[in-house]
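**Student:** Before I ask anything, let me first share the structure, which is written out below as C-alpha cells.
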Amino acid sequence: MMAPQLYTHAFNISLGETRRLCMNGTPWIWHLLEECVENAWEYWSVVIGLISVVCFLFAALPQLYVAYQNGKVDQALSLGFLLCWIGGDLANFIGCYLTNQLPIQIVTAIFYVNMDIIVISQFAYYKLKNQKMKKCSISLKNFCVTWVLMCITLCVILPSQLLLRNQDQTAVLEASKNTLGMIEMSGFICGYISCVFYLGSRFPQLYKNFQRRSTEGTSYLLFALAMMGNCTYGLSLVLKMPAVESLRNLYFLHQLPWLIGSFGVLFLDIFMTAQFIMYRKQNKRRPSLVALEVEPLLVNEEDS
303 MMAPQLYTHA FNISLGETRR LCMNGTPWIW HLLEECVENA WEYWSVVIGL ISVVCFLFAA
363 LPQLYVAYQN GKVDQALSLG FLLCWIGGDL ANFIGCYLTN QLPIQIVTAI FYVNMDIIVI
423 SQFAYYKLKN QKMKKCSISL KNFCVTWVLM CITLCVILPS QLLLRNQDQT AVLEASKNTL
483 GMIEMSGFIC GYISCVFYLG SRFPQLYKNF QRRSTEGTSY LLFALAMMGN CTYGLSLVLK
543 MPAVESLRNL YFLHQLPWLI GSFGVLFLDI FMTAQFIMYR KQNKRRPSLV ALEVEPLLVN
603 EEDS
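Residues 303 to 606 in the working numbering are what the sequence shown spells out, letter by letter.
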C-alpha cells in the first residue's frame, strides 16, 4: 500500500525468458508467481518480497480500528496524505494491468485500492458526523458497508478470472519487441508516478502532526507496518541484483523508481516515528504540569 509491489516481472530483459519452463527452480514459487528461482539469493528475495506484501495488506487495519474507537480520524489524518496514498496505489494498479502482470500482483493491487477507498470513506464519514450532518454520514456509512461486501466478492472472483485470462493470453508473449518496449515503458512511467505519490503522501501528514503538536487519533502501527513493508521490499530488490556488472547496471536503472519509493518513504517514516515519540512525551508531561499548578493553590486555601 505504501510502495509499489512485485513489479520485477515488468522489467526483466524478456517476458518470454521470465516465463520460460523452469526445470531447476523452486516449484512453489514457480506455480504461485511464475518466477524461476534457482539460487538462495533469489529465493530469499521472493520470500522477503512476500513478507512486504503481507505488511502492506494489513497496514490500514490498525488505523481503521483506532478511527472507529475515538472518531477523530478527520482531525488526525491529513486529506493530502490519503489522496496521495490512493494515487500511488492507483498508479501501481494501472502499471500492473498495462504490463500484464501475474494474477496475484493484480489482485493485490486491487486490494490496496479497495482498502484506500474504505479508509477515505471512513475519514469522510467522521468528518460529516463531527459536523452534525447526520443524513450524509448515515448514507456514507451504508456506502462503506456495501463497498466492503463488494470488495470481499471481488477478492473471491477476480483471482480465478485473472488466472483464466493469464492462460488465454499466452500468445501475447510472442508479441514484437516494439510492443514489449511500449508496455515496459508504460509500466516504468507508472512506477515513477506512484513513487512521486508515495513520497508526497508523508509531507502533508508530517505537517498536520506538527500543527497539532499531537499524533492522537493516528495509529503508529500503520506507519510501523509500512516501514517494515518498505524495508523488506527494498531488500528483496537488492538481493535479486544480478552478479554480472553489465546486467546489474541495467537492473538498477529498471528498479530505480521502486528503490527510491521504498527507501525514500522508509526514510520519511523515521521522521514520523520521531513525531510519535516526541508528542507522546509532551502529552504525558501536561497532566503533571497541571497538577503542579493546582496543588499550591489548594494548599494556600487550606492555610487561610
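We put the beta carbon where it would ideally sit given N, CA and C, even for glycine.
Because the structure is a prediction, the values reported are computed rather than measured.
Start and end of the alpha helix (DSSP H) containing S625?
**Tutor:** Since the first and last residues shown for the chain are 303 and 606, residue 625 lies out of range.
**Student:** Are there three or more Cβ pairs, one per stretch, closer than 8 Å when the stretch 532 to 539 is compared with the stretch 366 to 378?
**Tutor:** No: fewer than three Cβ pairs fall under 8 Å.
**Student:** Among the candidates T328, W346 and V348, whose CA atom is the shortest distance from the CA of E340?
**Tutor:** Here the closest residue by C-alpha is T328.
**Student:** On the CB-based measure, 16 or more other CB atoms within 10 Å of its CB, does V421 come out buried or exposed?
**Tutor:** Buried, since its Cβ has 16 or more Cβ neighbours within 10 Å.
**Student:** Apply the 10 Å Cβ neighbour rule to K583 and answer buried if 16 or more other Cβ atoms are within range, or exposed otherwise.
**Tutor:** That one is exposed.
**Student:** Reducing DSSP to helix, strand and coil, say where N609 ends up.
**Tutor:** Given that the chain is displayed from residue 303 to residue 606, the structure contains no residue 609 and the question cannot be resolved.
**Student:** Does DSSP put H311 in a helix, in a strand, or in coil?
**Tutor:** Bear in mind that a pLDDT of 47 at H311, under 50, signals an unreliable position, so the model cannot answer this.
**Student:** Apart from the five residues on each side of it in sequence, which residues of its chain come closer than 8 Å, Cβ to Cβ, to L508?
**Tutor:** These residues qualify, in order along the chain: L570, F573, M574 and Q577.
**Student:** Counting Cβ pairs, one atom from each stretch, are 3 or more of them under 8 Å apart for the stretch 406 to 414 and the stretch 494 to 509?
**Tutor:** Too few Cβ pairs lie closer than 8 Å, so no.
**Student:** I need the boundaries of the alpha helix (DSSP H) containing L366, first residue and last residue.
**Tutor:** L366 -> alpha helix (DSSP H) spans A362 to N372.
**Student:** Can you give me the Cβ contacts of L384 inside the same chain, cut-off strictly under 7 Å, excluding the 5 residues immediately before and after it?
**Tutor:** Cβ within range, chain order: V421, I422 and F425.
**Student:** Can you check whether the CB of A528 is closer than 8 Å to the CB of A361?
**Tutor:** Their beta carbons are under 8 Å apart, which means A361 touches A528 by this criterion.
**Student:** Which of helix, strand or coil does DSSP assign to Q545?
**Tutor:** Note that residue 545 corresponds to Ala in the displayed sequence, not to Gln. It is coil, neither helix nor strand.
**Student:** Is R550 buried or exposed, if buried means 16 or more other CB atoms sit within 10 Å of its CB?
**Tutor:** Flag for R550 reads exposed.
**Student:** Give every residue of the same chain whose Cβ lies closer than 7 Å to the Cβ of A477, excluding the five residues on either side of it in the sequence, and list them in chain order.
**Tutor:** Caution is warranted here: a pLDDT of 49 is assigned to A477, below 50, making its placement in the model unreliable, and the coordinate value is therefore given only provisionally. Within the same chain, A477 has no close Cβ partners at all.
**Student:** Do you know offhand how far F565's Cα is from L523's?
**Tutor:** Cα to Cα, F565 sits roughly 18 Å from L523.
**Student:** Can you tell me which of the three DSSP states N341 falls into?
**Tutor:** N341: coil per DSSP, three-state reduction.
**Student:** Identify which residue in R504, P544 and L363 has its Cα closest to the Cα of G389.
**Tutor:** The candidate whose alpha carbon is nearest that of G389 is R504.
**Student:** Let me make sure I understand the geometry here. Which of L352, L541, I485 and K429 has the alpha-carbon closest to that of L381?
**Tutor:** Of the listed residues, the one whose Cα sits closest to L381 is K429.
**Student:** For F512, count the other beta carbons within 10 Å of its own beta carbon; 16 or more makes it buried, fewer makes it exposed. Which is it?
**Tutor:** Label assigned to F512: exposed.
**Student:** With 16 other CB atoms within 10 Å as the buried threshold, where does E387 fall?
**Tutor:** It is Trp, not Glu, that sits at residue 387 in the sequence shown. Answer is buried; the Cβ neighbour count reaches 16.
**Student:** Provide the residue span of the alpha helix (DSSP H) that contains Q615, from first to last.
**Tutor:** A query on residue 615 cannot be resolved here, the shown segment of the chain reaching from 303 to 606 and no further.
**Student:** Can you give the Cα-Cα distance for V348 and Q433, rounded to whole angstroms?
**Tutor:** Spanning the two alpha carbons is a distance of roughly 47 Å.
**Student:** Just the Cα atoms here: how many angstroms apart are L352 and V447?
**Tutor:** Computed Cα separation, rounded: 29 Å.
**Student:** If we count the other Cβ atoms within 10 Å of its Cβ and call it buried at 16 or more, is Q557 buried or exposed?
**Tutor:** Classification of Q557: buried, given that the 10 Å Cβ count is 16 or more.
**Student:** Return the CA-CA distance between M484 and A393, expressed in angstroms with no decimal places.
**Tutor:** When rounded, the distance between both Cα atoms is 17 Å.
**Student:** According to DSSP, is E595 helix, strand or coil?
**Tutor:** Reliability of the predicted coordinates at E595 is poor, the pLDDT of 49 falling under 50, and the value obtained from them is presented with this limitation in mind. Residue state, collapsed to three classes: helix.
**Student:** In this structure, does DSSP put R515 in helix, strand or coil?
**Tutor:** Coil at R515, not helix or strand.
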